[in-house]
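Asks: Supplied in C-alpha cells, the structure appears directly below.
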Amino acid sequence: NSPSPGDAMPTDVIDYTLIGDDLQGVVITLDPGEGVMAEAGAMMYMEAGIEMATTLDPNNAGGGLFDKLLGAGKRVLAGESFFITMFANTATKRRDVAFSAPVPGKIMVLDLKQWGGEVIAQKDSFLCAARGTNIDIAFTKRIGAGFFGGEGFILQRLRGDGLAFVHACGALVERTLAPGEQLRVDTGCLVAMQNTVDYDIRTVPGITNALFGGEGLFFMNLTGPGRVVLQTLPFSRMADRIIAASRVGSGQRRDEGGVLGGLGGLSGLIGGSR
6 NSPSPGDAMP TDVIDYTLIG DDLQGVVITL DPGEGVMAEA GAMMYMEAGI
56 EMATTLDPNN AGGGLFDKLL GAGKRVLAGE SFFITMFANT ATKRRDVAFS
106 APVPGKIMVL DLKQWGGEVI AQKDSFLCAA RGTNIDIAFT KRIGAGFFGG
156 EGFILQRLRG DGLAFVHACG ALVERTLAPG EQLRVDTGCL VAMQNTVDYD
206 IRTVPGITNA LFGGEGLFFM NLTGPGRVVL QTLPFSRMAD RIIAASRVGS
256 GQRRDEGGVL GGLGGLSGLI GGSR
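Our numbering puts the first residue of the sequence shown at 6, with every later residue one more than the last.
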C-alpha cells in the first residue's frame, strides 16, 4: 500500500526536536533547500532564511485551479484548513522553524516508511510533515462507523516515506495487534492506525451499560494486524467537562469542595441579602 513514485514528489529528509511535556511543540531543522508543510496557523517561530508560502495544494504545483481547489476541499472535509503553509530554507546554512499543537497533549512522530507508507489518522490531527507528504481523506469503510463513530465519515490519510507529525490530547498509548486480535476502544480515543487494521462500530452490550455506564452507546472495534495509537483524553471530552463546570447563567457559579462549597455559596447569598 505504499505510494507509487508518481503519486507525489520525493519526501524531504528533515531533522526535528520535540519540546515541552504536556503542551508540546516541534522544532524542525531544515538543510538548505529543504521544506516542511504545516497546518495553517501552527507556526510558532522561524529563523531568518526560512521563507513561507501559502498554497491550496502543495503536492499539485503543476495542476490547474480546479485540481488545487479539489485538494483543498478534501482537507476541509478532513477537518483541516483550506490552505497549507509551506516553509522552505532559502539560506546557505541549516535553519529552524517551530510548530505548536492547538490543544494540550502530545505530538507524535510518524515515520511513514515504518508504517507501511500510509497512516489513517483522526480528522484535524495533522500538524506538519516533510515536504512531499500527501494529505488526503479516508472515508470510513462501513455506514455504521460513519453515523456512530464520533468522527463522522471522514478520517485523514497520510502517505509518503518521510516524517509526519500529528497531535493528540493527553498521553499516547501504542498497541500492536496480531492478526485477528481485537481491541475495543472509545470512539474518540483513536489517534492513528495502519491501513491494515480493520475497524467497525459496535453497540455497548446491555441496556444498563448503555444508559448508565457513562461510555456512550457505541465503541470502536479494531481488528489486527497492525499498529494502533490511542489518546487518553479526547479534546471533546475535556471540552464537555469545561462547559459543565462553567457558569450556568448570570449570577450563578459552581463552587468546588462538595458540601463546603455549597455552604460557601449559601453564605454568600445570605450575606448579599443584608
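Just so it is clear, CB atoms sit at the ideal spot from N, CA and C, and this is done for glycine as well. Every value quoted in this text rests on a predicted model; they were computed, and no experiment measured them.
#1: Among the candidates Phe131, Asp203, Leu177, Gly175, whose CA atom is the shortest distance from the CA of Ala169?
#2: Within 10 Å of its beta-carbon, does Leu160 have 16 or more other beta-carbons around it, so buried, or fewer, so exposed?
#3: Does DSSP put Val234 in a helix, a strand or coil?
#4: In three-state DSSP terms, what is Ala45?
#5: Should Pro239 be labelled buried (16 or more other beta-carbon atoms within 10 Å of its own) or exposed?
#6: Measure from the alpha carbon of Ala126 to the alpha carbon of each residue in Gly46, Met243, Glu179, Val234, then state which is nearest.
#7: Could you pull out every residue in the same chain whose Cβ sits closer than 6 Å to the Cβ of Ala93, ignoring the five residues on either side in sequence?
#8: How would you write the range of the beta strand (DSSP E) that Ser105 sits in, first residue to last?
#9: On the CB-based measure, 16 or more other CB atoms within 10 Å of its CB, does Glu186 come out buried or exposed?
#10: Keeping to the same chain, check which residues put their C-beta closer than 6 Å to that of Val31; ignore five residues upstream and five downstream.
#11: Quick check on the DSSP output: the beta strand (DSSP E) that includes Val32 runs from which residue to which?
Replies: In terms of the structure at hand:
#1: Along the sequence shown, one-based indexing puts residue 169 at 164. Ala169 has its Cα closest to that of Phe131, out of Phe131, Asp203, Leu177, Gly175.
#2: As a first step, residue 160 must be located in the sequence shown, where it is residue number 155. Flag for Leu160 reads buried.
#3: Locating residue 234 in the sequence shown gives position 229, counting from the first residue. It is a strand residue.
#4: Locating residue 45 in the sequence shown gives position 40, counting from the first residue. Reduced to three states, the DSSP call for Ala45 is coil.
#5: Reading the sequence shown from its first residue, position 234 is the one you call residue 239. Result: buried.
#6: Mapped onto the sequence shown, residue 126 falls at position 121. The shortest Cα separation from Ala126 among Gly46, Met243, Glu179, Val234 belongs to Val234.
#7: In the sequence shown, the residue the question calls residue 93 occupies position 88. Around Ala93: Gly40, Glu56.
#8: On the sequence shown, position 100 is the one that residue 105 refers to. That run of the beta strand (DSSP E) goes 100-105.
#9: By 1-based counting over the sequence shown, the position of residue 186 is 181. Classification for Glu186: exposed.
#10: If you number the sequence shown from 1, residue 31 lands on position 26. For Val31, where only same-chain residues beyond five positions count, the Cβ hits under 6 Å are Tyr21, Leu23, Phe104, Ile112, Phe170.
#11: Against the sequence shown, residue 32 aligns to sequence position 27. Per DSSP, Val32 belongs to the beta strand (DSSP E) from 30-35.
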